[in-house]
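Here the structure comes first, spelled out in structure tokens, and everything after it is commentary.
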Amino acid sequence: MADIPTGSVTFLFSDVKGSTKLAQLYLDKLPVMLKRHNEIMQESLESHGGLVFRIVGDAFCCAFEKAGDAVRAAVAAQKMLNSEKWDEAVISVRMGIHAGIAEWNGRDYVGQLTLARAEKVMSTADGGQILISKDAYEKITASEFDELLSSANGEISFMDLGERRLKDLIQPVRIYQITAAGLRSEFPQLNTLDVRPNNLPVQISNFIGREQDIKFIRESLRKSSIVTITGTGGSGKTRLALQTGAELCDEFEAGVWLIELAQLNNADLILQSISQTFNLKEQAGQKPEDVLITFLKDKTMLLIFDTCEHVIDSIARLTEKLLRNCSKLKIISTSREALKISGEVVHKLASLTTPVPDKESTLESISQFEAVKLFIDRALTVDANFQVDNDNAPALAEICCRLDGIPLAIELAAARFRS
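Counting in the numbering used here, the sequence shown runs from 261 upward without gaps.
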């Protein structure tokens, strides 16, 4: 236990780029190649002081006490992968390094924000590329920098790629690319929200849980043109729609666009709001509705109609007409009730998963529940030193259960954490 990094931890996440395609093309040879990939990753990470705490398929999750060690491990692994004589297929690995607060619970790391951000940094990279967030970059000490930049260590350097919006919709993150002698240095544009046009707002808090909800909505949109997320107030409908839209950005060439309906009360204002979003001008002899249809007709685009319940009849008529005339258009709507139009898939949003209150609850037993993760994340914004342990775990489990796993209620409770 003493050797396990905890508290302020630097994480290195990696996976094989395009592994699904490789499995289809090299079904017989891939297992042998992945076995060699795993050996290289394990050797490189552990020889530089890393703790490999999770391996899922070809994805590695590793923790380091020192950020400099994570950088050296990543470079060493990429060099070994590059020098390997692969049989026909080439194993190309993307890597991401991020640092933040995470606690070891005896079996895994607890720290939703930090782990999620490490995964996002990694998934932004291309095969063969190593990215490091500003948080991890700034953890590298002056002495470590001197060692990394020395020619004796392969002239490791850092290329500033600027601030980028990752797909968790949190405020932009400054990203650096790690370069070194013998490694490829030119890559395509980063796979971030900046690549596709959108008006998705930057969020000031982290998105927690809802993986199965996002999966359902994504799969439903492949079969249908509209998914309506329903649920009570405070259940997180808007935030789920925004997160899903962000994760789907790559699939929509014309982008993902939010249309906020909360302050609108009639059909004319709805049309006006949408037209203003796309800077559409009135056309002589044409209705605004027809101008909008002409604009959207051939575009691969996702619209998010948020808070529809007070204009349900108007938005239902408009939505049905848009989808009937725009074959490439997809829509996510949020409402307390369904739009009740043809082809609509309704997804009723349940509460976050919560633990059963128990005086014997421990950090390990409650840490994987979504409601607990949300409370911890929001409590940390009130007190950066907040920690869950076996002493306060039963109380936290009871709070989340009493609040029925309702996100807004949990956020309000966490905001009063000090009292």
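The beta carbon of each residue, even a glycine, is placed where N, CA and C say it ideally should be. All values derive from a computational prediction rather than experimental measurement.
Using DSSP bridges, identify the partner residues of residue i.
{"i": "T488", "result": "S593 and V606"}
{"i": "T567", "result": "BP columns for T567 are empty, so no partner."}
{"i": "T439", "result": "S417"}
{"i": "M355", "result": "S274 and I390"}
{"i": "I430", "result": "Q463"}
{"i": "I517", "result": "According to the sequence shown, residue 517 is Trp rather than Ile. DSSP output for W517 lists L563 as bridge partner(s)."}
{"i": "C509", "result": "The partner list for C509 (beta bridge, DSSP) is empty, contrary to what the question assumes."}
{"i": "I311", "result": "Residue identity check: residue 311 is Leu in the sequence provided, not Ile. For L311, which the question treats as bridged, DSSP gives the partners A323."}
{"i": "W364", "result": "Y369"}
{"i": "V632", "result": "None, per the DSSP bridge assignment."}
{"i": "V316", "result": "A319"}
{"i": "V269", "result": "G360"}
How would you call residue i, buried or exposed, if buried means at least 16 neighbouring beta carbons within 10 angstroms?
{"i": "T488", "result": "buried"}
{"i": "P448", "result": "exposed"}
{"i": "L672", "result": "exposed"}
{"i": "A674", "result": "buried"}
{"i": "E479", "result": "exposed"}
{"i": "R638", "result": "buried"}
{"i": "H269", "result": "The identity of residue 269 in the sequence shown is Val, whereas the question assumes His. With 16 or more Cβ atoms within 10 Å of its Cβ, V269 is classed as buried."}
{"i": "Q372", "result": "buried"}
{"i": "S621", "result": "buried"}
{"i": "I626", "result": "buried"}
{"i": "Q284", "result": "exposed"}
{"i": "G267", "result": "exposed"}
{"i": "R425", "result": "buried"}
{"i": "K608", "result": "exposed"}
{"i": "M261", "result": "Model confidence at M261 stands at a pLDDT of 40, short of 50, so the residue's coordinates are unreliable and nothing is read from them."}
{"i": "P667", "result": "buried"}
{"i": "N466", "result": "buried"}
{"i": "A402", "result": "exposed"}
{"i": "R676", "result": "exposed"}
{"i": "G442", "result": "exposed"}
Suppose you measure from the CA of residue i to the CA of residue j; what does that come to, to the nearest Å?
{"i": "T374", "j": "A544", "result": "54 Å"}
{"i": "A412", "j": "W517", "result": "Note that A412 has pLDDT 48, beneath the 50 cutoff, so the model's placement of it is unreliable and no number is given."}
{"i": "R687", "j": "G328", "result": "This structure leaves residue 687 out entirely; the chain is present only between 261 and 679."}
{"i": "R444", "j": "L656", "result": "48 Å"}
{"i": "I553", "j": "Q536", "result": "14 Å"}
{"i": "S352", "j": "R662", "result": "48 Å"}
{"i": "L583", "j": "R482", "result": "14 Å"}
{"i": "G317", "j": "T439", "result": "27 Å"}
{"i": "A323", "j": "V370", "result": "12 Å"}
{"i": "S679", "j": "I670", "result": "15 Å"}
{"i": "I390", "j": "A514", "result": "29 Å"}
{"i": "K224", "j": "D420", "result": "Coverage of the chain is limited to positions 261 through 679, which leaves residue 224 absent and any answer about it impossible."}
{"i": "L524", "j": "I564", "result": "15 Å"}
{"i": "G422", "j": "Q437", "result": "10 Å"}
{"i": "L408", "j": "I392", "result": "14 Å"}
{"i": "M301", "j": "E604", "result": "46 Å"}
{"i": "A534", "j": "M382", "result": "The identity of residue 534 in the sequence shown is Ile, whereas the question assumes Ala. Spanning the two alpha carbons is a distance of roughly 35 Å."}
{"i": "G366", "j": "K600", "result": "49 Å"}
{"i": "V571", "j": "R470", "result": "27 Å"}
{"i": "T498", "j": "E520", "result": "10 Å"}
{"i": "F512", "j": "K590", "result": "9 Å"}
{"i": "N526", "j": "W364", "result": "53 Å"}
{"i": "Y286", "j": "I464", "result": "44 Å"}
{"i": "K559", "j": "S484", "result": "16 Å"}
{"i": "L429", "j": "Y397", "result": "21 Å"}
{"i": "G388", "j": "A337", "result": "10 Å"}
{"i": "H297", "j": "H308", "result": "17 Å"}
Assuming contact is defined by CB atoms lying nearer than 7 Å, are residue i and residue j in contact in what I supplied?
{"i": "D368", "j": "A319", "result": "no"}
{"i": "L562", "j": "G494", "result": "no"}
{"i": "A362", "j": "D395", "result": "no"}
{"i": "I435", "j": "V335", "result": "no"}
{"i": "T614", "j": "C568", "result": "no"}
{"i": "P265", "j": "E303", "result": "no"}
{"i": "L531", "j": "P548", "result": "yes"}
{"i": "G356", "j": "A333", "result": "no"}
{"i": "N650", "j": "L623", "result": "yes"}
{"i": "A349", "j": "L282", "result": "yes"}
{"i": "L556", "j": "C586", "result": "yes"}
{"i": "L502", "j": "L460", "result": "yes"}
{"i": "K289", "j": "D347", "result": "yes"}
{"i": "A330", "j": "L294", "result": "no"}
Can a CB atom of chain C be found closer than 7 Å to the CB of residue i?
{"i": "Q628", "result": "The structure shown contains no chain C; it holds only a single protein chain."}
Checklist entry - Taking three-plus beta-carbon pairs below 8 Å as touching, is the segment 486 to 501 in contact with the segment 443 to 457? => result no
Checklist entry - Counting Cβ pairs, one atom from each stretch, are 3 or more of them under 8 Å apart for the segment 575 to 591 and the segment 630 to 650? => result no
Checklist entry - Hey, is the segment 369 to 383 in contact with the segment 333 to 347, meaning 3+ C-beta pairs nearer than 8 Å? => result no
Checklist entry - Taking one C-beta from the segment 621 to 631 and one from the segment 587 to 597 each time, how about it: are there three or more such pairs within less than 8 Å? => result Verdict: no, contact absent.
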